[in-house]
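Have a look at the structure below before the remarks.
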Amino acid sequence: MITLRQVGVEQQGRRILANVDFEIERGEFAFLLGPTGAGKSTVLQLILFERRPTSGVVMVGDFNSETIRDRDIPALRRSVSMVFQNHRLLQDRTVYENVAFAMEVTGTPRSVVRRRTHALLADVELMHRRSVRPGALSGGEQQQLAIARALANDPFVLLADEPTANLDPETTDLVMRILANVQARGTTVLAATHNEALVSRRRQRVLRLEDGRIACGASREGKNGPDADSGNLRLSG
Ligand SMILES: Nc1ncnc2c1ncn2[C@@H]1O[C@H](COP(=O)(O)OP(=O)(O)OP(=O)(O)O)[C@@H](O)[C@H]1O
Ligand SMILES: [Mg+2]
10 MITLRQVGVE
20 QQGRRILANV
30 DFEIERGEFA
40 FLLGPTGAGK
50 STVLQLILFE
60 RRPTSGVVMV
70 GDFNSETIRD
80 RDIPALRRSV
90 SMVFQNHRLL
100 QDRTVYENVA
110 FAMEVTGTPR
120 SVVRRRTHAL
130 LADVELMHRR
140 SVRPGALSGG
150 EQQQLAIARA
160 LANDPFVLLA
170 DEPTANLDPE
180 TTDLVMRILA
190 NVQARGTTVL
200 AATHNEALVS
210 RRRQRVLRLE
220 DGRIACGASR
230 EGKNGPDADS
240 GNLRLSG
C-alpha cells in the first residue's frame, strides 16, 4: 500500500531524509517513532504527496511520485488522509460542520453527509459536542475531531502526526482505541510519535527514524519479525 524506496529529501542543501526504505501493507498499523527533528512529519508529507522526494520514489496505492500529475492530487487526497500535528481545524465552523464540510467539498449528497457525519462523531465520542466551535474543545477533543474529519471521505490510508501529543493518559488511550478501530475496519494507519512509552506498550509495528534514516523496523514482518525485535529490545532498554 505504501512503499518508500531509497528516498532522500534535501532542503536548501541540507539533508532531511536519506535512504529511507520501507513498505507498509494494506490494513497494517505502524508507528513512525523518532525524536524531534528526525523527519517524521517529512515522511508523512511525502506519503500525502504534499512534498516530493529529492531522490528515490514514493508509491502509495497506484500513485507514484515519479509519474503523478497535478490533476491526480484530488483523487489522492480522498484515498490518503492526514491528521495534522496542529489539526488545521476550521475555527469559524462547528464540530459538525468541520466534518460535514470535508464531504461537501467532494460533492457527497446531503443525506449521506448528515448520516456519515453523525456516525463519525459517534465513533470518536464527540456527538455531544457537535454544535460548538473547535475553540471550545479540549486538546483531546480537537484531536478526536481532526480524526473524524480525516475519515470523512473513507480513505484507504490514515496518517496521524503526533496524535497523542499533549494528551493525558486516559485521552491517549481513547485516541489509540479510535485509531485501532480505524485499522479494524480495513484502513492502513501510520502514526508518527516521539513517545517511546506509547509504542512499547502496544503490539503494532514500529519504524524507528533517527536523524533522517530508518534505524530499524523496516522489514515487512512487523513487530514480530527479527528486525523489529531488536527495536523492541532497544525500546525497553
Ligand atoms: N521546509 C523546510 N525547510 C527547511 N528545513 C526543514 C523544512 N521542513 C523540515 N525541515 C527540517 O527537517 C528536519 C525534520 O523535520 P520534521 O518536521 O520532519 O521532523 P519531525 O520528526 O516531524 O519533528 P517533530 O517531532 O518536532 O515534529 C528538521 O531538522 C527540520 O528543521
Ligand atoms: Mg513533526
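So the sequence shown is numbered by this note's numbering: it starts at 10 and just counts up by one. For every residue, glycine included, the Cβ atom is placed at its ideal position computed from N, Cα and C.
Going by DSSP, what residue range makes up the beta strand (DSSP E) through residue i?
i	result
residue 31	23-33
residue 90	89-92
residue 11	11-20
residue 120	Taken as a continuous stretch (DSSP letters only), residue 120 belongs to no beta strand (DSSP E), being part of the alpha helix (DSSP H) at 119-132.
residue 160	Run containing residue 160: none; DSSP gives neither H nor E here.
residue 147	Residue 147 -> no beta strand (DSSP E), and no H or E assigned at all.
residue 51	Where residue 51 is concerned, there is no enclosing beta strand (DSSP E), although the alpha helix (DSSP H) it sits in stretches over 49-56.
residue 197	197-202
residue 217	214-219
residue 170	166-170
residue 66	64-69
Taking the alpha carbon of residue i as the point to measure from, which residue in the options has its own alpha carbon closest?
i	options	result
residue 62	44, 19, 81	19
residue 71	216, 65, 56	56
residue 172	154, 33, 163, 141	154
residue 86	65, 106, 54, 105	54
residue 133	158, 23, 194, 142	158
residue 227	34, 24, 22	34
residue 78	58, 94, 65	58
residue 25	88, 168, 60	60
residue 114	162, 69, 82	162
residue 90	188, 224, 168, 204	168
residue 45	202, 184, 81	202
residue 94	146, 170, 116	170
residue 177	152, 194, 138	152
residue 67	17, 97, 36	17
residue 204	121, 96, 49, 30	49
Would you mind stating whether residue i and residue j have Cβ atoms separated by less than 7 Å?
i	j	result
residue 126	residue 109	yes
residue 215	residue 42	yes
residue 198	residue 191	yes
residue 218	residue 39	no
residue 141	residue 92	no
residue 51	residue 32	no
residue 136	residue 130	yes
residue 222	residue 27	yes
residue 100	residue 149	no
residue 21	residue 65	no
residue 88	residue 164	yes
For the alpha helix (DSSP H) holding residue i, just list the boundary residues, first then last.
i	result
residue 185	178-193
residue 75	Where residue 75 is concerned, there is no enclosing alpha helix (DSSP H), given that its DSSP letter is neither H nor E.
residue 110	104-113
residue 209	205-209
For ligand 2, any of its heavy atoms closer than 6 Å to the Cβ of residue i?
i	result
residue 50	yes
Nearer than 6 Å: is that true of the beta carbon of residue i relative to any heavy atom of ligand 1?
i	result
residue 152	no
residue 47	yes
residue 203	yes
residue 187	no
residue 77	no
residue 25	yes
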